[in-house]
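Chemist: Have a look at this one before I ask anything.
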Amino acid sequence: MTTKRMAMTWLAGAALTVGCGPVVDGGGGSDDGASSDGSGSATTGVSTLSTSASPSTTDGSPTTASVTTDVTITATATVTTDPTTATVTTDPTTATDTGGGLPNDSMCEFDSECASGHCYVAGPLGGLCGECNTDADCDVGGCTAPNPLAMPPQGSRCNVGEYGGGCMSDDACGDALVCASIIDVPGIIEVATCSECVADADCDAGQLCAPDIAVVQVTGVKRCVAEGSLANGQSCDLQGSGDSSCASGHCALASVMGILDLGVCSQCENDVDCGAGHPCQDASVDLMTGLQPAICL
Numbered sequence: 000m001t002t003k004r005m006a007m008t009w010l011a012g013a014a015l016t017v018g019c020g021p022v023v024d025g026g027g028g029s030d031d032g033a034s035s036d037g038s039g040s041a042t043t044g045v046s047t048l049s050t051s052a053s054p055s056t057t058d059g060s061p062t063t064a065s066v067t068t069d070v071t072i073t074a075t076a077t078v079t080t081d082p083t084t085a086t087v088t089t090d091p092t093t094a095t096d097t098g099g100g101l102p103n104d105s106m107c108e109f110d111s112e113c114a115s116g117h118c119y120v121a122g123p124l125g126g127l128c129g130e131c132n133t134d135a136d137c138d139v140g141g142c143t144a145p146n147p148l149a150m151p152p153q154g155s156r157c158n159v160g161e162y163g164g165g166c167m168s169d170d171a172c173g174d175a176l177v178c179a180s181i182i183d184v185p186g187i188i189e190v191a192t193c194s195e196c197v198a199d200a201d202c203d204a205g206q207l208c209a210p211d212i213a214v215v216q217v218t219g220v221k222r223c224v225a226e227g228s229l230a231n232g233q234s235c236d237l238q239g240s241g242d243s244s245c246a247s248g249h250c251a252l253a254s255v256m257g258i259l260d261l262g263v264c265s266q267c268e269n270d271v272d273c274g275a276g277h278p279c280q281d282a283s284v285d286l287m288t289g290l291q292p293a294i295c296l
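Numbering-wise, numbering that gives the first Met the number 0 puts 261 at position 262 of the sequence shown, and it's gapless, one number per residue.
The following block contains the structure:
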């Protein structure tokens with residue numbers, strides 16, 4: 000839009016300059032002989048310059064000189080500035096942002112920027128060009144969410160419904176697998192993958208459904224584990240049977256910048272779980288190394 004307006008302004012200025020024509024006899028902006036019909040068309044009047052020399056006598060010998068010069072200048076310029084005749088189209092369905100040539104894994108904001116036609120945007124984490132935005136964009140399987148934390152960042156990929164592959168519904172997963180939510184931060188990112196279970200009821204007797212979260216890879220799965228089998232540092236179901244799945248009996252809270260709460264099997268959950276004089280250091284999440292369990296100091 001700005002480029003078109005600049006171009007129209009430049010062209011109008013150039014046309015007006017031609018319309019003014021050269022100044023004759025020091026006209027200095029005189030309006031004599033100029034006419035306008037109000038439609039944006041202006042015509043300068045015809046100007047004629049004539050000069051003549053009268054006879055002169057030198058040393059008694061008459062010499063006659065006559066010089067006549069007629070210069071006729073006519074300049075016409077037409078400039079149309081009627082806004083009703085100008086049309087600028089800004090239909091967003093026909094506009095492109097950069098030309099649509101960005102390869103997969105490039106940063107983006109709009110689908111039209113990517114050669115694949117898919118810009119997967121994860122809220123404030125930004126967008127990356129990839130193979131898909133939803134399962135429907137893939138021939139088989141589902142759409143694995145991008146990993147903006149990878150070095151370099153990785154865009155979305157289509158999968159074949161394998162264990163750990165991204166999904167939006169059970170339909171995207173292979174036989175005996177279900178689509179389970181692994182990471183869910185509303186408005187920012189949601190990661191769901193083809194897993195063994197969604198809840199404890201999906202597992203055999205004596206087993207529990209526990210998450211196995213790879214924080215650095217921004218992915219994970221839910222799988223069936225034996226009660227009390229998870230070591231400290233492994234992820235656990237914070238809202239469910241996490242304590243029972245941990246060998247220590249403690250599934251502690253680990254917060255990611257206050258926007259995502261994860262469970263991690265730990266030595267303690269609070270000071271009461273430690274001996275006198277030994278406080279419990281909270282569990283944490285390191286974006287480089289992953290989950291860090293809570294420990295007694």
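Even for Gly, the Cβ is constructed at its ideal location relative to N, Cα and C.
Compute the Euclidean distance between the alpha carbons of A6 and T133, then round it to the nearest angstrom.
Modeler: Any reading at A6 must be qualified, since the residue scores a pLDDT of 33, below 50, and its modelled position is unreliable; the value itself is stated next. Distance between the alpha carbons of A6 and T133: 41 Å.
Chemist: What is the C-beta distance between V215 and L286, in whole angstroms, given that I count them as a contact (C-beta under 8 Å)?
Modeler: Right, their Cβ atoms sit about 7 Å apart.
Chemist: With DSSP run on the structure shown, which of helix, strand or coil describes D203?
Modeler: Correct three-state label for D203: coil.
Chemist: Where DSSP assigns a beta bridge to Y119, which residues make up the other side?
Modeler: In DSSP, Y119 forms a bridge with L127.
Chemist: Going by C-alpha distance, which of G274, A282, D242 is nearest D260?
Modeler: The shortest Cα separation from D260 among G274, A282, D242 belongs to A282.
Chemist: Quick check: T235 and C264, are their CB atoms within less than 8 Å of each other?
Modeler: The sequence given here has Cys at residue 235, not Thr. Contact flag set, yes.
Chemist: Can you tell me the Cβ-Cβ gap for C157 and C131, rounded? I've got them flagged as a contact below 8 Å.
Modeler: Confirmed, Cβ separation roughly 5 Å.
Chemist: Taking just the CA atoms, how far does G160 sit from A171?
Modeler: Answer to the nearest angstrom: the Cα atoms are 5 Å apart.
Chemist: Is there contact between the region 206 to 214 and the region 227 to 243, where contact requires at least three CB pairs shorter than 8 Å?
Modeler: A contact exists between the region 206 to 214 and the region 227 to 243.
Chemist: Might you give, ordered along the chain, the residues of its own chain that have their beta carbon closer than 8 Å to the beta carbon of L229, omitting 5 neighbours on each side?
Modeler: Taken in chain order, the residues that qualify are A209, C235, S244, C245, A246, C264.
Chemist: Would you report the Cα separation of D199 and C128, rounded to the nearest angstrom?
Modeler: Approximately 37 Å, taken between the alpha carbons.
Chemist: Which residues in the same chain as G163 place their Cβ atom closer than 6 Å to its Cβ, once the five residues preceding and following it in sequence are excluded?
Modeler: The answer, listed in chain order, is T192, V220.
Chemist: With 16 other CB atoms within 10 Å as the buried threshold, where does D69 fall?
Modeler: For D69, the pLDDT reaches just 44, beneath the cut-off of 50, and the residue's location in the model is therefore unreliable, although a value from the coordinates is still provided. It is exposed - the Cβ of D69 has fewer than 16 other Cβ atoms within 10 Å.
Chemist: Expressed to the nearest angstrom, what Euclidean distance is found between the alpha-carbon atoms of P292 and G154?
Modeler: Taking the straight line from one Cα to the other gives about 30 Å.
Chemist: Just the Cα atoms here: how many angstroms apart are P102 and A144?
Modeler: Going by the C-alpha atoms only, they are around 17 Å apart.
Chemist: Identify the continuous beta strand (DSSP E) that holds S194 and give its terminal residues.
Modeler: First-last of the beta strand (DSSP E) with S194: 188 to 194.
Chemist: Is it true that the CB of E226 sits closer than 8 Å to the CB of G241?
Modeler: The answer is no: Cβ separation not under 8 Å.
Chemist: Between the beta-carbon of N231 and the beta-carbon of Q266, is there less than 8 Å?
Modeler: Closer than 8 Å, so yes.
Chemist: Opposite D260 in the DSSP bridges: which residues?
Modeler: BP columns for D260 point to S254.
Chemist: Looking at the secondary structure, which residues open and close the beta strand (DSSP E) in which S244 lies?
Modeler: No beta strand (DSSP E) contains S244, which is instead part of the alpha helix (DSSP H) from 241 to 244.
Chemist: Check for me: the beta strand (DSSP E) holding L290 runs from which residue to which?
Modeler: Its beta strand (DSSP E) spans residues 289 to 291.
Chemist: C223 lies in the beta strand (DSSP E); which residues open and close that run?
Modeler: Residues 218 to 225.
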